[in-house]
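Note that the numbering used here has the sequence shown beginning at 1188, numbered continuously upward. A virtual CB, placed ideally from N, CA and C, is assigned to each residue, including glycine. Keep in mind it's a predicted model, so treat the numbers as computed, not measured.
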Amino acid sequence: MPAEMVPLVGWMQQRAAALDRDAAFPGEEVARLRGAGALTVPLPVATPTRDDAAADRLASVLMLTGEGNLPVARVLEAHLNALHLIARFGGPARLAEAVAATEGGALFALWVTDPPEGALRAVRAGATLRLEGGKQFCSAAGHATHALVTAEMEDGRRMLVLRLSAGERVTPLPAPLQGMRAALTGAVDFTGCEVPDSALLGAPGDYLREPDFSAGAWRGSAAAAGGLIALVDATIAQLRSSGRFDSPHTRARVGTMLAGREAARLWVQAAARCAEDPAADTDHRVATVGLARIAVERACLEAMQLAQRSLGLTAFRVGNPVERICRDLATYLRQPAPDEVLTEAATWFATHPTATVLR
Ligand SMILES: Cc1cc2nc3c(=O)[nH]c(=O)nc-3n(C[C@H](O)[C@H](O)[C@H](O)COP(=O)(O)OP(=O)(O)OC[C@H]3O[C@@H](n4cnc5c(N)ncnc54)[C@H](O)[C@@H]3O)c2cc1C
């Protein structure tokens, strides 16, 4: 599978500037990824025992896509996260249904962020559920065919798998995001939509159940690490072609970027294997992914600073891939509650002094 994806990386990189400029959805990229099997890559969650090869393969698919184009990786990550939750809480039959739909052209989104005005609600009306309210920060809004959403119900927070184009209304965010423009992250209002009871997935509270709720974040880190790989490569290529690589200061900065990039790659692999190991302790899985998330974030932020310091104003010129990747990465790295994630991981590892992330 990753072998089929390798030629797609350069192709995605070539098309990324135009998609960013036009804030255009990467439909062709999604189609080519579907053809390469990336949207139906076997998920470790579907295997009852530890399967490091499956975790490594999933990590490679996400990193290669991130290396090609971060907004595409965000769309793929959400799709695979939705399939993971369907497998986890819906079992093999529900997963097989979602995989068959994907092979037939479906793209799943994962919309769980409620707007400040209130959570999405689902009210029972006989055999159907009536939706009220909406979601914000919805990637692939207007392009996904299905969405896994969370909704408040009388028995608690539930997950629903919705077929889209059923009357929901998509609008751009009131203020657009600076980066990740091609992920088409908008707001979706479901008020008035009616869905069958069969849309429900899992039991009340399942969405917040650990380790899936927190440990799934490793997949976003894998996609971000892919962006980091592309950023370091683009920076080195530009430094070499401009004759600036020979400065010892530049070489030291590049060495630091390379060390951070390889550390991020190793963190992603360790986090993927630990997070996806069903025999591992739940809190260990969550804490490992917490450290990985912050380590990858730090490596990306440091690389952005060093790339900009090395290239100077060139790194800020529109049309330079370094400018776009830095903008996309800076936006994508803003994931929920980073301080809480770090302090909780610190607490767990401090109270389990013999635990390691490599197992
Ligand atoms: C490109 C992109 C695409 C996205 N796509 C989707 C999508 O498809 N579906 C979806 O559901 N969501 C999506 N999101 C939203 C995402 O899931 C998060 O909601 C969002 O990224 C949170 O970022 P934040 O920086 O606002 O986090 P916050 O958690 O608000 O963190 C911001 C800061 O506040 C601090 N903080 C957090 N909580 C507290 C507190 N209680 N008290 C004090 N300080 C606090 C944090 O430590 C941090 O320093 C997307 C986000 C991005 C960037």
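Exercise for review: Just confirm the distance between the C-beta atoms of A1246 and V1473, as a whole number of angstroms; I'd bet it's less than 8 Å.
Suggested key: The Cβ separation is near 18 Å, so there is no contact.
Review point. From this set, A1412, V1476, T1437, which residue's C-alpha is nearest A1424's C-alpha?
Key: Closest option to A1424, judged by alpha-carbon separation, among A1412, V1476, T1437: T1437.
Check your understanding: Distance, Cα to Cα, G1430 vs S1497?
Key -> Pairing G1430 with S1497, the inter-Cα distance amounts to about 12 Å.
Check your understanding: If you draw a straight line from the alpha carbon of A1353 to that of C1380, how long is it in whole angstroms?
Key -> Looking at the backbone, the Cα of A1353 and that of C1380 are separated by about 7 Å.
Practice item. Using a threshold of 9 Å, state whether the C-beta atoms of G1414 and D1515 are closer than that. Key: Yes, these two residues count as a Cβ contact at 9 Å.
**Study point:** Closest Cα partner of T1332 within the set A1293, P1361, D1238
**Key:** Here the closest residue by C-alpha is A1293.
Review point. Quick one: what does DSSP say G1291 is sitting in, helix, strand or coil?
Key: In this structure, G1291 counts as coil in the three-state DSSP scheme.
Review point. Straight-line CA distance for E1355 to L1545?
Key: E1355 and L1545: Cα-Cα distance of roughly 45 Å.
Point to revise | Cβ shell of A1466 (< 7 Å), same chain only, five flanking positions each side left out | key: Take A1466, set aside five residues on each side of it, and the residues of its chain with a beta-carbon closer than 7 Å to its own are R1237, in chain order.
Check your understanding: Does any residue of chain B bring its CB to less than 9 Å from the CB of D1515?
Key -> Looking for chain B here will not work: only one protein chain is present.
Point to revise | Three-way DSSP call (helix, strand, coil) for Q1522 in this model | key: Reduced to three states, the DSSP call for Q1522 is coil.
Review point. Since T1252 and A1486 are thought to touch, with beta carbons under 8 Å apart, how far apart are those beta carbons, to the nearest angstrom?
Key: About 18 Å; that fails the 8 Å criterion.
Point to revise | Secondary structure, alpha helix (DSSP H): runs of 4+ residues fully inside the region 1199-1265 | key: Listed in chain order, the alpha helix (DSSP H) elements of length 4 or more contained wholly in the region 1199-1265 are 1214-1222, 1239-1255.
Review point. Residues in its own chain within less than 7 Å of Y1407 by CB, not counting five upstream and five downstream?
Key: A small correction: the amino acid at residue 1407 is Gly; Tyr does not occupy that position in the sequence shown. For G1407, where only same-chain residues beyond five positions count, the Cβ hits under 7 Å are E1264, Q1522.
Exercise for review: Can you check the region 1437-1516 for any alpha helix (DSSP H) of at least 4 residues that lies completely inside it and give the ranges in chain order?
Suggested key: Within the region 1437-1516, the alpha helix (DSSP H) runs of at least 4 residues that lie entirely inside it are, in chain order, 1469-1498.
Review point. Any heavy atom of ligand 1 closer than 8 Å to the CB of T1358?
Key: With a threshold of 8 Å, the Cβ atom of T1358 does not count as near ligand 1, since no heavy atom of the ligand is closer than that.
Practice item. Just the C-alpha distance for A1450 and V1483, rounded to the nearest angstrom, thanks. Key: A straight line joining the alpha-carbon of A1450 with that of V1483 spans about 8 Å.
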